[in-house]
Amino acid sequence: MTLTLLEIVALGLLGAAVLLSLLRLILGPTTPDRVVAADTLAVITTSGLVILAALLGSPLYLDVALIYGTLAFVGVVAIARTIEGNG
Amino acid sequence: MTTKSIQRPEPGFVHGLFLYLLVFALWMLLVGNLDTAEMAAGAVVALIVTLASRPHLSILTGLIISPAALLPLLRYLGTFIVALVQANLDMARRVLSPSLPLQPAVVEVETKLKSPLGRLILANSITLTPGTLTVDVQDQVLLVHWVDCPPGSDLASTTQAITSKFEQHLKGFVL
Amino acid sequence: MRLIADLFLVVGAAFTLFGAIGLIRMPDVYNRIQAGTKAVTLGSLCLLIGIALLYPAWWSKLLVIGVLILITNPLGSSTIARALLKAGVKPWSKASVSQAGEADR
Amino acid sequence: MSEVELWIALILGIMMLSSAVLALVVKNHLAAVAAASVVSLGLALLFALMRAPDVAMTEAAVGAGLSSLILALALRRLGLWQIDSGSENSNLLSASSKGKDDA
Numbered sequence: 001m002t003l004t005l006l007e008i009v010a011l012g013l014l015g016a017a018v019l020l021s022l023l024r025l026i027l028g029p030t031t032p033d034r035v036v037a038a039d040t041l042a043v044i045t046t047s048g049l050v051i052l053a054a055l056l057g058s059p060l061y062l063d064v065a066l067i068y069g070t071l072a073f074v075g076v077v078a079i080a081r082t083i084e085g086n087g
Numbered sequence: 088m089t090t091k092s093i094q095r096p097e098p099g100f101v102h103g104l105f106l107y108l109l110v111f112a113l114w115m116l117l118v119g120n121l122d123t124a125e126m127a128a129g130a131v132v133a134l135i136v137t138l139a140s141r142p143h144l145s146i147l148t149g150l151i152i153s154p155a156a157l158l159p160l161l162r163y164l165g166t167f168i169v170a171l172v173q174a175n176l177d178m179a180r181r182v183l184s185p186s187l188p189l190q191p192a193v194v195e196v197e198t199k200l201k202s203p204l205g206r207l208i209l210a211n212s213i214t215l216t217p218g219t220l221t222v223d224v225q226d227q228v229l230l231v232h233w234v235d236c237p238p239g240s241d242l243a244s245t246t247q248a249i250t251s252k253f254e255q256h257l258k259g260f261v262l
Numbered sequence: 263m264r265l266i267a268d269l270f271l272v273v274g275a276a277f278t279l280f281g282a283i284g285l286i287r288m289p290d291v292y293n294r295i296q297a298g299t300k301a302v303t304l305g306s307l308c309l310l311i312g313i314a315l316l317y318p319a320w321w322s323k324l325l326v327i328g329v330l331i332l333i334t335n336p337l338g339s340s341t342i343a344r345a346l347l348k349a350g351v352k353p354w355s356k357a358s359v360s361q362a363g364e365a366d367r
Numbered sequence: 368m369s370e371v372e373l374w375i376a377l378i379l380g381i382m383m384l385s386s387a388v389l390a391l392v393v394k395n396h397l398a399a400v401a402a403a404s405v406v407s408l409g410l411a412l413l414f415a416l417m418r419a420p421d422v423a424m425t426e427a428a429v430g431a432g433l434s435s436l437i438l439a440l441a442l443r444r445l446g447l448w449q450i451d452s453g454s455e456n457s458n459l460l461s462a463s464s465k466g467k468d469d470a
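Residue numbers (the working numbering), protein chains in the order written: chain A, 1 to 87; chain B, 88 to 262; chain C, 263 to 367; chain D, 368 to 470.
Structure, rendered in structure tokens:
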């Protein structure tokens with residue numbers, strides 16, 4: 001599909017958001033900052049997969065987004081339990 | 088996160104049926120068409136899932152399952168969406184302003200909801216409303232991290248204002 | 263139709279960008295969690311609505327993904343915040359600590 | 368490949384490379400797990416961009432979900448879960464994370 005100008009602007013904003021979150025992941029002075037940045041990146045990626053599905057015009061990629069969203073949540077909860085220690 | 092002080096009633100047949108219908112609806116949404124074979128497979132799978140999750144069914148006992156609960160649910164969703172958009176506009180204004188107006192504090196908020204499910208929904212909605220983040224849920228008390236706690240304000244009344252907006256609708260469909 | 267969908271897409275991407283800016287600018291972990299989770303949740307929902315307007319045939323799966331994000335994202339950030347509090351990370355506050363809430367565990 | 372896909376691939380490449388390097392150099396194990404999950408996240412998107420949804424699905428399931436789950440739980444079992452207080456930035460986190468040393 002051919003993209004309109006607004007869609008290209010939206011993609012650019014999303015790319016900037018990814019890069020800024022990545023900056024927080026790299027800089028982030030503490031470990032919790034990095035975990036939060038990874039969590040945010042995971043959610044952005046989930047919606048990014050949906051946008052990719054629209055870009056490629058195939059609903060197959062929606063399943064990838066669904067699985068990714070579910071399992072990223074599981075991973076985040078596991079990391080949080082690890083931070084919590086034996087609480 | 089289970090609280091032992093709460094008396095949980097035994098989950099009845101209605102809750103099992105509710106979960107069955109929920110899983111079946113999820114199956115149909117994932118399949119995306121109304122094929123007869125798919126519906127039969129969905130019925131079987133939903134039955135298996137419902138039977139397998141019997142020991143954990145007690146989380147649903149907080150739910151009031153009746154047609155009269157539908158209206159509060161819709162009103163709650165409306166309030167929630169408005170609050171979500173407000174929260175984002177507020178956060179955008181806060182983030183974009185150069186001086187970064189912040190006055191964070193952790194406050195305690197009491198809730199009147201009794202069931203774990205109700206507290207879960209309340210905590211989730213508080214996380215998504217302007218300037219607040221639920222940190223922990225102890226029995227009756229939610230620990231809420233608040234971005235902009237105005238100095239000198241009356242903590243008790245302002246924090247009640249956070250919850251009461253949701254509670255009055257939530258009371259309609261959860262205990 | 264295309265225009266409305268595009269507007270939703272741009273608004274969603276802008277909210278996501280605000281969330282990322284908040285992630286950079288906020289002074290401590292709790293505030294970063296707040297900025298991140300709120301803005302990214304609404305941003306993702308707006309993006310999903312935009313895609314649903316572009317491809318109306320996909321509504322069912324998009325609905326499932328939207329509900330999934332709406333439930334899991336605040337839950338996940340709340341879990342992280344709770345773990346941080348239990349691990350003893352103190353919330354940041356301005357120089358005048360006197361007004362801060364006293365709910366210290 | 369159209370031009371838009373090239374730009375997306377560029378951003379994904381930056382993301383994967385930098386977080387892979389971060390996973391190697393960072394001191395804290397938990398931060399390394401988070402960085403590694405970001406790498407597999409970018410890899411899943413890259414596979415989807417190359418029109419391989421099945422591989423992307425596997426990568427999303429194994430890389431993003433299960434590997435971070437298993438690694439985090441292993442760190443917890445081994446008692447390596449201490450969070451650091453960062454690089455001496457007293458304004459950000461003052462004298463924190465000393466709370467629980469009794470693993």
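Note that the Cβ used here is the ideal one computed from N, Cα and C, for glycine as well.
Since the model is a prediction, treat every value here as computed from it, not as a measurement.
Is it right to say threonine 2 of chain A is buried, meaning 16 or more other beta carbons lie within 10 angstroms of its own, or is it exposed?
-> Locating residue 2 of chain A in the first sequence gives position 2, counting from the first residue. Looking at its Cβ environment, which holds fewer than 16 other Cβ atoms inside 10 Å, threonine 2 of chain A is exposed.
Original post:
Considering alanine 192 of chain B, what are the terminal residues of the beta strand (DSSP E) in which it resides?
Top reply: The count along the second sequence starts at 1 and reaches residue 192 of chain B at position 105. Element bounds for alanine 192 of chain B: 192–197.
Next item on the list: Thinking isoleucine 83 of chain A and leucine 397 of chain D are a contact (beta carbons under 8 Å), I'd like their distance in whole angstroms, please.
Entry: Here residue 83 of chain A corresponds to residue number 83 of the first sequence, with the count starting at 1. Here residue 397 of chain D corresponds to residue number 30 of the fourth sequence, with the count starting at 1. Between isoleucine 83 of chain A and leucine 397 of chain D a beta carbon distance of about 7 Å is seen, short of the 8 Å cut, so the two are scored as contacting.
Item to check | Residues within the segment 199–223 of chain B neighbouring chain C, beta-carbon criterion of under 7 Å | outcome: Taking 7 Å as the Cβ-Cβ cut-off, the segment 199–223 of chain B approaches chain C at Ala210, Asn211, Thr214, Leu215, Leu220, Thr221, Val222 and Asp223, given in chain order.
TODO: For alanine 399 of chain D, collect the residues of the same chain with a Cβ closer than 6 Å to its Cβ; drop the 5 residues on either side in sequence, then sort them by chain order.
DONE: On the fourth sequence, position 32 is the one that residue 399 of chain D refers to. Closer than 6 Å at Cβ, skipping near neighbours: Ala390 and Val393.
Quiz item: For proline 191 of chain B, which residues of its own chain have a beta-carbon under 6 Å away from its beta-carbon, when the five flanking residues on both sides are left out?
Solution: Locating residue 191 of chain B in the second sequence gives position 104, counting from the first residue. Around proline 191 of chain B: Val234.
Sort out for me which residues DSSP pairs valine 228 of chain B with in a bridge. For this step, residue 228 of chain B is matched to residue 141 along the second sequence. Beta-bridge pairing links valine 228 of chain B to B/Glu197.
Notebook entry, point to check: Once you ignore the five residues that flank threonine 219 of chain B on each side, which residues in its own chain have a CB closer than 8 Å to its CB?
Noted result: Sequence index remark: in the second sequence, residue 219 of chain B carries index 132 (1-based). Result list for threonine 219 of chain B: Ile213, Val231, His232, Trp233, Val234 and Ile249, in chain order.
Count the other C-beta atoms from every protein chain shown that fall within 10 angstroms of the C-beta of aspartate 39 of chain A, then say buried if there are 16 or more, exposed otherwise. Locating residue 39 of chain A in the first sequence gives position 39, where the first residue counts as 1. Counting C-beta atoms within 10 angstroms of its own C-beta, aspartate 39 of chain A has 16 or more neighbours from the protein chains shown and is therefore classed as buried.
Legend entry - 8 Å Cβ shell around threonine 278 of chain C - same chain, five flanking residues per side excluded: Stepping through the third sequence from its first residue, residue 278 of chain C is reached at position 16. Cβ neighbours of threonine 278 of chain C beyond the five flanking positions: Ala301, Val302, Gly305, Ser306 and Leu309.
### Message
Against lysine 323 of chain C, what residues of chain F qualify as contacts under a CB-to-CB distance less than 8 Å, listed in chain order?
### Response
Absence of chain F from the displayed structure is noted, the protein chains being A, B, C and D.
Check your understanding: Would you report the Cα separation of aspartate 268 of chain C and leucine 14 of chain A, rounded to the nearest angstrom?
Key -> If you number the third sequence from 1, residue 268 of chain C lands on position 6. If you number the first sequence from 1, residue 14 of chain A lands on position 14. For aspartate 268 of chain C and leucine 14 of chain A, the distance between alpha carbons rounds to 14 Å.
By the DSSP assignment, the alpha helix (DSSP H) with histidine 102 of chain B in it spans what residues? Translated into the one-based positions of the second sequence, residue 102 of chain B becomes position 15. Membership of histidine 102 of chain B in the alpha helix (DSSP H) is indicated by the continuous run 100–118.
Neighbouring residues, chain B, relative to leucine 347 of chain C (Cβ below 9 Å): Position 85 of the third sequence holds residue 347 of chain C. Neighbourhood of leucine 347 of chain C in chain B, by CB distance below 9 Å: Val193, Val222, Asp223, Leu230 and His232, in chain order.
Contacting residues, own chain, Cβ-Cβ under 7 Å from leucine 368 of chain C (five flanking each side not counted): Not covered by the structure: residue 368 of chain C. The range shown for chain C is 263 to 367.
Three-way DSSP call (helix, strand, coil) for leucine 269 of chain C in this model:
Sequence index remark: in the third sequence, residue 269 of chain C carries index 7 (1-based). If DSSP states are grouped into helix, strand and coil, leucine 269 of chain C belongs with the helices.
For leucine 315 of chain C and leucine 265 of chain C, what's the separation of their Cα atoms in angstroms? Start at 1 with the first residue of the third sequence, and residue 315 of chain C comes out as number 53. Start at 1 with the first residue of the third sequence, and residue 265 of chain C comes out as number 3. Leucine 315 of chain C and leucine 265 of chain C have their alpha carbons spaced roughly 10 Å apart.
Q) Helix, strand or coil: which one does DSSP assign to aspartate 122 of chain B? A) By one-based count along the second sequence, residue 122 of chain B stands at place 35. Three-state result, aspartate 122 of chain B: coil.
If you count every other CB in all the chains shown that lies within 10 Å of the CB of serine 340 of chain C, and 16 or more means buried, which is it? In the third sequence, the residue the question calls residue 340 of chain C occupies position 78. Result: buried.
* If you measure from the beta carbon of leucine 5 of chain A to each beta carbon in chain D, is any gap under 8 Å? -> By 1-based counting over the first sequence, the position of residue 5 of chain A is 5. Closer than 8 Å: no.
### Message
Using a Cβ-Cβ distance cut-off of 8 Å, determine whether alanine 38 of chain A contacts chain C.
### Response
Counting from one through the first sequence, the residue named residue 38 of chain A turns up at place 38. So no, alanine 38 of chain A is outside the interface.
Does methionine 178 of chain B have its Cβ less than 8 Å from a Cβ in chain C? Residue mapping note: residue 178 of chain B aligns to position 91 of the second sequence, counting from 1. Judged by the 8 Å Cβ criterion, methionine 178 of chain B is in contact with chain C.
- Bounding residues of the alpha helix (DSSP H) (the contiguous stretch that carries valine 50 of chain A): If you number the first sequence from 1, residue 50 of chain A lands on position 50. Its alpha helix (DSSP H) spans residues 31–56.
- Task: Apply the 10 Å Cβ neighbour rule to leucine 285 of chain C and answer buried if 16 or more other Cβ atoms are within range, or exposed otherwise.
- Result: Locating residue 285 of chain C in the third sequence gives position 23, where the first residue counts as 1. It counts as buried.
**Item:** DSSP bridge partner residues for threonine 250 of chain B (one or two, in chain order)
**Value:** As a first step, residue 250 of chain B must be located in the second sequence, where it is residue number 163. Answer by DSSP bridge pairing: none, since threonine 250 of chain B is not bridged.
With distance defined between alpha-carbon atoms, name the residue in B/Asp223, B/Leu204, B/Gln225 and B/Thr221 nearest to leucine 257 of chain B. By one-based count along the second sequence, residue 257 of chain B stands at place 170. The shortest C-alpha separation from leucine 257 of chain B is found at B/Leu204.
Would you verify that the beta carbon of arginine 34 of chain A is, or is not, closer than 8 Å to some beta carbon of chain D? The sequence position of residue 34 of chain A within the first sequence is 34, counting from 1. It does: the Cβ of arginine 34 of chain A has a partner Cβ on chain D nearer than 8 Å.
Would you give the residue range spanned by the alpha helix (DSSP H) that serine 407 of chain D belongs to? For the purposes of this step, residue 407 of chain D is taken as residue 40 along the fourth sequence, with counting starting at 1. Serine 407 of chain D -> alpha helix (DSSP H) spans 396–416.
| query | What number of angstroms, rounded off, separates the C-alpha of asparagine 395 of chain D from the C-alpha of arginine 181 of chain B? | reply | Within the fourth sequence, residue 395 of chain D is the residue found at index 28, counting from 1. Within the second sequence, residue 181 of chain B is the residue found at index 94, counting from 1. One C-alpha to the other measures close to 32 Å.
Just how far apart, CA to CA, sit leucine 346 of chain C and glycine 446 of chain D? Counting from 1 along the third sequence, the entry for residue 346 of chain C is found at position 84. Counting from 1 along the fourth sequence, the entry for residue 446 of chain D is found at position 79. One C-alpha to the other measures close to 17 Å.
Inset, instruction - Identify which residue in C/Val326, C/Gln296 and C/Ile295 has its Cα closest to the Cα of leucine 116 of chain B. - result: Counted from its first residue, the second sequence places residue 116 of chain B at position 29. Taking leucine 116 of chain B as reference, the option from C/Val326, C/Gln296 and C/Ile295 with the minimal CA-CA separation is C/Val326.
Note to self: Between A/Leu55, A/Asp33, A/Ala53 and A/Ala37, which has its C-alpha nearest alanine 72 of chain A's C-alpha?
What the structure shows: By 1-based counting over the first sequence, the position of residue 72 of chain A is 72. Comparing Cα positions, the closest option is A/Ala37.
inquiry  = Quick check on this structure: which residue in B/Ala133, B/Ile151 and B/Met126 has the alpha carbon closest to the alpha carbon of glycine 99 of chain B?
reply    = As a working note, residue 99 of chain B is residue 12 in the second sequence. When the alpha-carbon of glycine 99 of chain B is set against those of B/Ala133, B/Ile151 and B/Met126, the nearest one is in B/Ile151.
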